[in-house]
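Visitor: This is the structure, below, for whatever I ask next.
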Amino acid sequence: MAGTSVHSLLFVLSAFSAVCYGGSVIRERDAVPAGYAARPYYPSPHGGWTSDWSASYSKAKALVEQMTLAEKTNITAGTGIYMGNPCVGNTGSASRLGFPQLCLQDSALGVASTDNVTAFPAGITTGATWDKSLMYQRAVAIGQEFRGKGVNIYLGPTVGPLGRKPLGGRNWEGFGADPVLQAVAGALTVKGVQEQGVIATIKHLVGNEQEMYRMYNPVQEGYSSNIDDRTLHELYLWPFAEGVRAGVGSVMSAYNAVNGSACSQNSYLLNGLLKDELGFQGFVMSDWLSHMSGVASALAGLDMDMPGDTQIPIVLGTSYWMYELTRSVLNGSVPVDRLNDMATRIVAAWYQMGQDKNYPPPNFSSNTHDRTGLLYPAAVLSPIGVVNYYVNVQADHYKVARQVAQDAITLLKNDDDLLPLSTSHKLSIFGTDAQVNPDGPNACGNRACNKGTLGMGWGSGVADYPYMDGPIDAIKRRTSNVTYYATDSFPSVPTPAADEVAIVFISSDSGENSFTVENNHGDRDADKLAAWHNGDKLVQQAAAKYSNVVVIAHTVGPLILESWISLPAVKAVLFAHLPGQEAGESLTNVLFGDVSPSGHLPYSITKAATDLPASIANLRGFALGQVQDTYSEGLYIDYRYLNKHNITPRYAFGHGLSYTTFSLTNTSIRAVTPLTTPFPPARPTKGPTPSYSSAIPPASEAYPPPGFVPIWRYLYSYLSKPDADAAAAAANQSTTYPYPAGYSTVQTPGPPAGGASGGNPALWDTAYEITLTVTNTGARHAGKAVVQAYVQFPAGIGWDTPVIQLRDFGKTGTLAPGGGSERVKLGLTRKDVSVWDVAAQDWVVPDPGARYRVWIGEGSDRLGVVCYSDSLVCEEGVGGPV
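Per mature numbering (1 follows the signal peptide of the UniProt record, and there is no 0), the sequence shown runs over residues -22 to -1, 1 to 860.
Have a look at this one:
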């Protein structure tokens, strides 16, 4: 998911798996290819050792040490799917001590499953703005809405999938197919949301690059993403490191396995990389119903089980934690030390965001839009009460939503300067994507259809539209000289005049594997990189009739455009991505020239799917046993692969045109922190962590309170007196729990690459600072420019590196025509010029004195400025590296 649907076939299959495998570690792992390993890493590191979290941990310790065993286990898991209001996930509480039930809610683009909220543009749209300020403003608005609804934990941002596979179903939830673009947008989202007091959840850790076969079920295990150590660090872990450095309170594990070990119980991933190397101080939660074991997952570093059930929700009403975790602590199989750290991490995050003071309670229901409803919808008999209070949290957030949607619009082609249009143009509009779904923008639950304007993909990552401003409605507000053909089949039309303009709307959708839409199983496995609803044919037919055609695409990702992109009549192409509720005016502002387009592609558009290697161009299919998805391409995804193999895309990563032109001049580079040694300075040592008694508590701490009457299917942390007494007695027996290989209870000082939130703080020392002047050289239109900085490592350093790699970017304000200018500052950190040394297990600058080139321009293929790290000289007007 979060929020995967219990109505999907996958959930039925995964539910059956709990019966087949009994909720323990499912079975011995399938063999992964040689060279890929998920080595054991124990114990789970204690939280609280970084200075930025120490005050919250002190408060948490004071609270947790007052908790009983049942209260501690109660706050580490959910109370069951559909077993409470208001949220998609609801933890237990320690109400005796004032610690509330925590509300966890989708989605990454707005508060899901409720009304009176804003449906913001999707992550991929936000990434296409290349605007750090807008990324932050969107996050602030999202955080304000989640807080206003009383949500404690925001299930976003999404930075995994990274976008490795263009066909991947949930790429649109993230910010683009590059670790730095994802990292910057993800970290700014964490910052903006958490400044409102809401705990952010960065997800999904890690390797969830395909939707199909992601989940464990009795037919097959969830696929294994087999990722080598260097690739994991330099690509897929990179945005998570930035999120941790930004102070994120929660991390969600992915459904799939990494190197053969399921992410929710992968000790190397959770204990080793996340908690020790990256110094993560918050809590790790499972994705919904991805929890597959009791003791094993606790030891491996999982801190919160969501939504609390086993993989057969509703029917059985059972859990691997809650009462079972209570049992495991009493019988000694889960150390008290581990439970104390789990509870402390959760409580510390609550204090870290200031939720102990004046935080509003939830005021909505995810289960119904009615004012009253079932308080426990999955129970056989449930009381009814007021569940919705209709609190409007939208404020004026439509403004930032519209600004993001507008500034993301990416002009790919504009022959003969056809755009911007004049209101005097006669317009013929084609394609059902131009209009709001006639059944209503929210007619399809979880947006699991592609009908009308595509404003977001489908699945758990959606929100309900308060309204949708449709493109055709906005166009008609601008001009009456328009005819709309609400069809995806080219109709019979009058012979157009030579200057008449046809605007063709096309779309491509995807989403979560919980739903199948037009034979696409989450991923774009049926339609692939073609426009849906015969959109490519519609463009071709329009181009055969009209001399001036504008194509507008609402799409989750890249499309193959070759069947029509070179047709003489196709003069202009705009990618509007997924604009959310403000699809109309954001588009017409660009179409009619109120603003110049300033979006840039957050991925490459190739001429053919086969321009990329099979490992990333194709989806993995069914297999007996575990599907093996091996990242054999290593570092070479998207533009990295294309550049390495001298393949020219149709439109390069970072490409975007404007109605005006810009020059980049007066460029300078200066060294800030000298890089005198390959390795960074030694990491700081870990600070102190909360200390508790390690004694197993008395069985009485697990007993239910007097007069306790359970609600059927609600998950509790209590054990009956006989069960609790039996568990306590088992702790004194001589048998030993079969702990995993490599298990230890001795805390370690941590790896050399660690030392603070995000890793060794020296990695973020600014190594080089670059400043330049951006000038609007056009005479007619104002506009915003995007400046991108890519690093090129020296040759002969002993490490294979991509030709160029994005390392920073900036966007100007609106520059006036005829010379409006702005100074832009970009920076490169030590980490930006480092590679991951798999032998040293640390970041290393391969040759600090060698010449690193920093290429600067308006796209990865438009790099006309270069600065040199050795001479600190910059050259302008040069040929780029690709």
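Even glycine gets a Cβ: it sits at the ideal position worked out from N, Cα and C.
Taking Leu145 and Asp514 to be in contact with their CB atoms under 8 Å, please state how far apart those CB atoms are, rounded to whole angstroms.
Guide: At roughly 17 Å, the Cβ-Cβ gap does not stay under 8 Å, so Leu145 and Asp514 are not in contact.
Visitor: Which residue comes first and which comes last in the alpha helix (DSSP H) that contains Leu41?
Guide: It spans Ser32 to Val42 - the alpha helix (DSSP H) in which Leu41 sits, taken as one unbroken run.
Visitor: Looking only at C-alpha atoms, which of Pro416, Asp572, Ile177 and Gly756 sits nearest to Gly798?
Guide: In terms of Cα proximity to Gly798, the closest of Pro416, Asp572, Ile177 and Gly756 is Gly756.
Visitor: Expressed to the nearest angstrom, what Euclidean distance is found between the alpha-carbon atoms of Ser245 and Gly363?
Guide: Approximately 43 Å, taken between the alpha carbons.
Visitor: So, do the stretch 291 to 307 and the stretch 21 to 41 have three or more beta carbon pairs nearer to each other than 8 Å?
Guide: At 8 Å Cβ cutoff, the stretches do not touch.
Visitor: At what residue ranges does the stretch 612 to 680 contain a whole run of the alpha helix (DSSP H), taking only runs of 4 or more?
Guide: Counting whole runs of 4 or more residues, the stretch 612 to 680 contains the alpha helix (DSSP H) stretches 616 to 622.
Visitor: Within the continuous alpha helix (DSSP H) that includes Asp315, where are the two ends?
Guide: Val314 to Gln330
Visitor: If we count Cβ pairs, one from each stretch, closer than 8 Å, do we get three or more for the stretch 474 to 490 versus the stretch 506 to 520?
Guide: Touching, yes, given that three or more Cβ pairs across the two stretches are closer than 8 Å.
Visitor: For Met230, list the residues DSSP reports as bridge partners.
Guide: Looking at the DSSP assignment, Met230 forms a beta bridge with Met263.
Visitor: When the Cα atoms are used, what is the spatial distance from Ala155 to Ala232?
Guide: 18 Å
Visitor: Taking three-plus beta-carbon pairs below 8 Å as touching, is the stretch 465 to 476 in contact with the stretch 519 to 526?
Guide: By the Cβ rule, the stretch 465 to 476 counts as touching the stretch 519 to 526, because three or more pairs are nearer than 8 Å.
Visitor: Got a sec, what are the start and stop residues for the alpha helix (DSSP H) Gln174 sits in?
Guide: Judged by DSSP secondary structure, Gln174 falls outside any alpha helix (DSSP H); it is assigned neither H nor E.
Visitor: Using the Cα positions of Lys762 and Leu784, report the straight-line distance between them to the nearest angstrom.
Guide: 20 Å
Visitor: By DSSP, does His(-16) sit in helix, in strand, or in coil?
Guide: Its pLDDT being 31, under 50, His(-16) is placed unreliably by the model, and the measurement read from it follows with that caveat. Of the three classes helix, strand and coil, the one that applies to His(-16) here is coil, per DSSP.
Visitor: Under a Cβ-count criterion, where at least 16 other Cβ atoms within 10 Å of its own Cβ denotes burial, should Arg74 be classed as buried or exposed?
Guide: Exposed, by the Cβ-count rule.
Visitor: Going straight from the alpha carbon of Gly855 to that of Pro652, what length do you get?
Guide: 28 Å
Visitor: Are there three or more Cβ pairs, one per stretch, closer than 8 Å when the stretch 552 to 563 is compared with the stretch 598 to 605?
Guide: With a cut-off of 8 Å, the stretch 598 to 605 and the stretch 552 to 563 do not count as touching, because too few Cβ pairs lie within range.
Visitor: Closer than 7 Å: is that where the CB of Ser671 sits relative to any heavy atom of the ligand HEM?
Guide: Absence of the ligand HEM is noted for the structure shown, with no ligands found whatsoever.
Visitor: Classify Tyr60: buried if its beta carbon has 16 or more other beta carbons within 10 angstroms, exposed otherwise.
Guide: Label assigned to Tyr60: buried.
Visitor: Can you check whether the CB of Gly121 is closer than 8 Å to the CB of Ser735?
Guide: no
Visitor: What separation, rounded to the nearest whole angstrom, lies between the Cα atoms of Gln384 and Ala224?
Guide: 27 Å
Visitor: Could you please give me the residues that DSSP links to Gln766 through a beta bridge?
Guide: Phe787 and Gly835
Visitor: From Gly126 to Leu396, what distance separates their C-alpha atoms?
Guide: Gly126 and Leu396 have their C-alpha atoms spaced approximately 45 Å apart.
Visitor: Closest to Gln44 by C-alpha separation, out of Asn341, Gly134 and Asn318, would be which residue?
Guide: Asn318
Visitor: If you follow the beta strand (DSSP E) that Leu552 is in, where does it begin and where does it stop?
Guide: Val548 to Phe553
Visitor: Kindly list the residues whose CB is nearer than 6 Å to the CB of residue 901, restricted to its own chain and excluding five residues on each side of it in sequence; keep chain order.
Guide: Examination of residue 901 is not possible in this model, given that the chain is present from -22 through 860 alone.
Visitor: Using only the alpha-carbon positions, how far apart do Pro21 and Gly200 sit?
Guide: 25 Å
Visitor: Using alpha carbons as the reference points, say which of Glu563, Ala705 and Asn68 lies closest to residue 904.
Guide: With the chain running from -22 to 860 in the structure shown, residue 904 is simply not present.
Visitor: For the 8 Å Cβ check, are there 3 or more pairs between the stretch 814 to 827 and the stretch 762 to 778?
Guide: yes
Visitor: Using 8 Å as the cut-off, can you tell me whether the stretch 393 to 412 makes contact with the stretch 449 to 457, which would need three or more C-beta pairs spanning the two stretches below that distance?
Guide: yes
Visitor: Would you report the Cα separation of Ser672 and Val822, rounded to the nearest angstrom?
Guide: 40 Å
Visitor: Would a C-beta distance cut-off of 8 Å place Ser202 and Gln604 closer than the cut-off?
Guide: yes
Visitor: In whole angstroms, what separates the C-alpha of Ser636 from that of Ser71?
Guide: 53 Å
Visitor: Using only alpha-carbon positions, find the residue among Trp328, Gly418, Pro444 and Ile387 that is nearest to His375.
Guide: Pro444
Visitor: Below 8 Å between beta carbons: does that hold for Val528 and Val479?
Guide: yes
Visitor: Between which residues of its own chain and Val765 is the CB-CB distance below 8 Å, once the five residues before and five after are set aside?
Guide: Leu642, Leu750, Val752, Phe787, Gly788, Lys789, Thr790, Val802, Leu804, Ile834, Gly835 and Glu836
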